[in-house]
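Numbering (my numbering), first residue to last: 178 to 522.
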Ligand code: NDP
Ligand code: GDR
């Protein structure tokens with residue numbers, strides 16, 4: 178693999194995508210800097226397998242405290258790190274939670290991007306900027322959704338992401354910045370947060386199969402989503418920043434499944450019937466639901482050569498297998514448990 182001496186700064190490095198992106202960029206020889214939030218417990222579990230003590234000569238991953246709500250810290254970090262590429266992945270990323278914490282979601286998922294863009298502009302940094310835009314911005318507009326589809330967000334999260342999407346475009350047009358938005362559809366993995374529906378299901382399947390749980394409470398099973406595999410999606414982020422021109426790109430598999438389909442794939446993988454275990458709880462409904470998201474990623478395939486490989490049925494089995502492995506090794510160090518079944522990712 179060709180190596181580079183480039184520097185990348187990742188916000189949200191402790192999240193699902195941040196950890197895969199850090200892994201991918203380190204593999205390409207990048208020096209990777211990540212912004213982490215100070216927390217009373219460790220929040221770097223997804224990175225532990227990558228971390229080399231910074232006193233070591235071969236250390237290439239550096240973590241810095243910071244928060245998307247703190248512009249002066251973001252400016253200082255951008256100035257000292259002087260990255261070639263900035264990936265803005267940090268966000269309050271849970272759609273249901275954004276109805277509970279709408280102002281906080283606006284402040285981080287929305288205003289976080291402009292704080293970074295302004296800092297880059299004021300410092301006159303010659304770096305490339307990636308904004309983690311979302312299919313949630315399409316909201317109520319029916320599929321298939323592409324870069325030309327009208328936006329109609331249905332949550333404080335979707336509206337905040339749309340603000341970030343538009344300011345990214347505005348700074349590209351207004352200041353000639355290399356600012357790109359990746360409009361990514363749902364992507365999952367064994368590192369997915371436990372409260373998103375896919376991981377909630379695969380974790381429960383592992384526990385039910387092991388006899389340590391006997392029911393699973395869910396909300397709307399009819400929602401249609403286009404679920405891809407996260408390690409492939411972070412490669413698309415990088416490809417977007419290597420393009421000749423900044424632009425907007427949809428990243429999706431183009432396939433559609435309901436939450437019920439995902440349940441069936443996951444339970445059938447361990448020989449169980451989901452109907453015997455799943456119960457409804459209205460607390461998992463949203464005031465306004467996004468009924469169907471199915472992406473058309475033909476622009477990314479043509480311009481970047483990006484194509485998905487893992488589709489939803491296989492994804493469900495990868496995640497169930499990983500969660501069974503995690504459960505089997507409970508009590509061992511966390512990274513041993515989580516990084517099974519992701520080889521080749
Ligand atoms: P996660 O929820 O797994 O990770 C979110 C990251 O943001 C975490 O590192 C979190 O830190 C960090 N973060 C949250 N608030 C702040 C803050 N105020 N300041 C600094 N960091 C903060 O999300 P994913 O990895 O799944 O997604 C990455 C990005 O892509 C997000 O912006 C998400 O909205 C977007 N996206 C995701 C899609 C998906 O299907 N996964 C699809 C489309 C877009 P901590 O660990 O401390 O909580
Ligand atoms: P989403 O993902 O809202 O699409 O946002 P999530 O997995 O939370 O929901 C998907 C669909 O499943 C339905 N659902 C439930 N969801 C959760 N979380 N918990 C439940 O118990 C449950 N029961 C049914 C939801 O109503 C919904 O229709 C994700 C996030 O990663 C965003 O950050 C990202 O931008 C979008 O994907 C694209």
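All residues carry an ideal CB built from backbone N, CA and C; glycine is no exception.
Taking 7 Å as the cut-off, one finds no heavy atom of ligand 2 near enough to the beta carbon of residue 433.
Put simply, the residues with a CB less than 5 Å from any heavy atom of ligand 2 are 270, 272, 311, 312, 313, 363, 373, 374, 395, 396, 397, 400, 436, 461, in chain order. The stretch 290-365 contains, as complete alpha helix (DSSP H) runs of 4+ residues, the segments 333-352 (chain order). A Cβ-Cβ contact shorter than 8 Å links residue 485 with residue 430.
Rounded to whole angstroms, residue 250 and residue 456 show a C-alpha spacing of 45 Å. Under the DSSP definition of a beta bridge, residue 265 partners with 188, 308. In the three-state scheme derived from DSSP, where H, G and I count as helix and E and B as strand, residue 274 is classed as helix.
Comparing alpha carbon positions, the residue from 262, 267, 229 closest to residue 214 is 267. Beta-carbon to beta-carbon, residue 292 and residue 248 are separated by about 4 Å, close enough to satisfy the 8 Å threshold. For the pair residue 238 and residue 194, the Cα-to-Cα distance works out to about 16 Å.
Distance from the CA atom of residue 412 to the CA atom of residue 448, rounded to whole angstroms, is 34 Å.
In this structure residue 227 does not touch residue 243 by the C-beta definition: roughly 19 Å separates them, more than the 8 Å allowed. Looking at the backbone, the Cα of residue 443 and that of residue 507 are separated by about 21 Å. By the C-beta density criterion, residue 220 is exposed, having fewer than 16 other C-beta atoms within 10 angstroms.
Restricted to the stretch 386-443, the alpha helix (DSSP H) segments that are unbroken, complete and at least 4 residues in length are 407-419, listed in chain order. Taking the Cβ atoms as the reference, residue 378 lies roughly 17 Å from residue 462, outside the contact range of under 8 Å. DSSP places residue 238 in the strand class (E or B) of the three-state scheme. In the displayed model, residue 456 falls within a strand according to three-state DSSP. Taking residue 271 as the centre and dropping the five residues before and after it, the same chain places the C-beta of 334, 370, 372, 373 closer than 8 Å to its C-beta, in chain order. In the structure shown, residue 466 falls within a coil segment according to DSSP collapsed to helix, strand and coil. Here residue 320 has 469, 471 as same chain residues with Cβ atoms under 6 Å from its own Cβ, once five neighbours each way along the sequence are excluded.
Residue 230 sits exposed, since fewer than 16 C-beta atoms from the chains shown fall within 10 Å of its C-beta. Residue pairing by DSSP places residue 213 opposite 242 in a beta bridge. As the crow flies, the alpha-carbon of residue 198 is around 16 Å from that of residue 358. In the DSSP assignment, residue 200 falls within the unbroken alpha helix (DSSP H) covering 193-204.
For residue 236, the number of other beta carbons within 10 angstroms of its own is below 16, and it is reported as exposed.
Counted as a single uninterrupted DSSP element, the alpha helix (DSSP H) harbouring residue 504 occupies residues 489-505. Here residue 375 has 365, 369, 404, 439, 496 as same chain residues with Cβ atoms under 7 Å from its own Cβ, once five neighbours each way along the sequence are excluded.
Here the stretch 294-305 does not lie against the stretch 316-330, with fewer than 3 beta-carbon pairs under 8 Å apart. Beta-bridge analysis with DSSP links residue 448 to no other residue. At least 8 Å separates the beta-carbon of residue 432 from that of residue 398.
In the DSSP assignment, residue 371 is bridged to no other residue.
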